[in-house]
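Contents: one structure, followed by commentary.
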Amino acid sequence: MIGPRTVGIVGMGLIGTSIGLAIRQRRVAERVVGVDVDLVTVEAARARGALDKGATTYDLLREADLVVVAVPPDAVVDVAVQAAEVLRAGTVITDVASTKTTIVGALEQKLPRRVRYVGGHPMAGSERAGPQAADAQLLLGRPFIVTPTAAGDGEAVELVSVLARGMGMHPVVLGPREHDDLVAQVSHAPYLLAVAVLNAAADEALPLQGPGFTGMTRLAANPVEMWTQICAGNAQAIRRALGRLRAELDELDRALGDREVLAEMLRRAQRRAGTET
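Numbered by the working numbering, the letters in the sequence shown go through residues 13 to 289 in order.
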């Protein structure tokens with residue numbers, strides 16, 4: 013399938029600008045246009061080379077045949093609906109939000125039928141924020157989860173998948189609920205675990221931290237507002253993931269009294285990480 017000619021991006025933060033950089037550097041589309049409510053952010057993204065043209069109004073998106081909504085989770089539905097008002101018939105909309113069930117369900121109901129929506133989630137990021145922190149390399153080799161609506165528009169799914177592959181990512185098609193359940197285990201719960209480990213450490217212990225502690229807790233430096241939205245939007249799946257973590261921690265607690273059991277648990281983790289010694 014031929015890829016998009018013009019990609020529009022709404023929200024020129026870390027991920028939106030990284031997507032723009034990847035598209036332009038890898039020539040995935042002929043043009044990239046970007047919209048953000050903040051003109052300074054738009055100009056920063058243009059200065060980084062992520063955009064051919066930028067603006068603070070949705071009118072610029074009339075040129076696009078694929079629009080990526082790269083705003084915080086709580087804003088995705090409203091922004092997508094507002095952007096759709098100016099889009100041509102047949103334009104595909106996707107997003108980058110880390111939660112999917114609620115967003116996909118809402119947009120199925122609220123978007124006009126003349127546009128097509130497919131949920132998206134690039135499994136990439138950084139504890140830094142904004143266009144200055146953007147980097148096309150953040151996306152390279154990472155999964156891009158594609159979550160179709162119940163209508164199952166195959167052409168729209170393929171167009172988003174073509175975009176993902178063009179950026180050097182690996183498209184993975186999942187249902188919205190399956191996405192939320194699995195991503196809770198490999199993204200949302202690990203973030204909360206980093207928060208818990210950091211908050212549980214005694215004040216006098218923090219100056220003694222080595223690279224292991226620093227690396228493990230790096231996630232806790234992510235923007236609080238964004239993660240508050242993510243956790244609220246996927247609370248049920250995150251609770252299930254935290255339950256799995258609690259059960260594993262209880263097993264480790266019991267294994268502290270049995271070296272053989274403990275060693276086997278550690279080896280199992282090494283095998284799953286592909287680092288068994």
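Glycine included, each C-beta is placed from N, C-alpha and C at the ideal position. The structure displayed is predicted, hence computed values, not measured ones.
Residue environment, residue i, which counts as buried when at least 16 other CB atoms sit within 10 Å
{"i": "Gly-137", "result": "buried"}
{"i": "Ala-101", "result": "exposed"}
{"i": "Asp-265", "result": "exposed"}
{"i": "Thr-69", "result": "exposed"}
Separation of residue j from residue i, as counted between CA atoms
{"i": "Ile-314", "j": "Thr-114", "result": "Given that the chain is displayed from residue 13 to residue 289, the structure contains no residue 314 and the question cannot be resolved."}
{"i": "Val-273", "j": "Asp-193", "result": "29 Å"}
{"i": "Gly-61", "j": "Ala-212", "result": "42 Å"}
{"i": "Ala-217", "j": "Ile-105", "result": "48 Å"}
{"i": "Gly-142", "j": "Met-24", "result": "7 Å"}
{"i": "Tyr-129", "j": "Arg-189", "result": "17 Å"}
{"i": "Asp-71", "j": "Gly-132", "result": "23 Å"}
{"i": "Val-236", "j": "Cys-243", "result": "10 Å"}
Cβ-based neighbour list, residue i, same chain, cut-off 8 Å, excluding 5 preceding and 5 following
{"i": "Arg-17", "result": "Ala-41, Glu-42, Arg-43 and Asp-77"}
{"i": "Gly-15", "result": "Val-40, Ala-41, Leu-171, Val-174, Leu-175 and Gly-178"}
{"i": "Trp-239", "result": "Tyr-203"}
{"i": "Arg-230", "result": "Glu-139 and Ala-206"}
Close beta carbons around residue i, own chain, < 6 Å, minus the five adjacent residues each side
{"i": "Ala-67", "result": "Val-47"}
{"i": "Val-185", "result": "Val-158"}
Candidates the options, of which the one nearest residue i by Cα
{"i": "Phe-225", "options": "Asp-165, Trp-239 and Val-209", "result": "Val-209"}
{"i": "Ile-3", "options": "Met-181, Ala-92 and Ala-212", "result": "With the chain covering only 13 through 289, there is no way to say anything about residue 3."}
{"i": "Pro-124", "options": "Gly-15, Asp-270 and Asp-90", "result": "Asp-90"}
{"i": "Leu-73", "options": "Ala-82, Ala-109, Ala-62 and Val-45", "result": "Val-45"}
{"i": "Ala-249", "options": "Arg-284, Val-195 and Asp-215", "result": "Val-195"}
{"i": "Leu-79", "options": "Val-108, Thr-53 and Ala-148", "result": "A small correction: the amino acid at residue 79 is Val; Leu does not occupy that position in the sequence shown. The option with the nearest alpha carbon to Val-79 is Val-108."}
{"i": "Leu-254", "options": "Gly-187, His-200 and Ala-267", "result": "His-200"}
{"i": "Asp-86", "options": "Leu-119, Leu-63 and Glu-55", "result": "Leu-119"}
{"i": "Val-22", "options": "Gln-94, Arg-251 and Arg-283", "result": "Gln-94"}
Endpoints, beta strand (DSSP E) assigned at residue i
{"i": "Asp-107", "result": "104-107"}
{"i": "Leu-78", "result": "78-81"}
{"i": "Gly-132", "result": "131-134"}
{"i": "Ile-14", "result": "Element bounds for Ile-14: n/a, residue is neither H nor E."}
Enclosing alpha helix (DSSP H) for residue i [first to last residue]
{"i": "Gly-142", "result": "Run containing Gly-142: none; DSSP gives neither H nor E here."}
{"i": "Pro-188", "result": "188-195"}
{"i": "Ala-290", "result": "Not covered by the structure: residue 290. The range shown for the chain is 13 to 289."}
{"i": "Arg-255", "result": "Correcting the residue type first, residue 255 is Gly in the shown sequence and not Arg. 247-267 is the span of the alpha helix (DSSP H), which, as asked, contains Gly-255."}
{"i": "Lys-122", "result": "113-122"}
{"i": "Ala-217", "result": "Premise fails: Ala-217 is in no alpha helix (DSSP H) and is neither H nor E."}
Own chain residues within Cβ distance below 7 Å of residue i, not counting five before or after
{"i": "Arg-140", "result": "Leu-26"}
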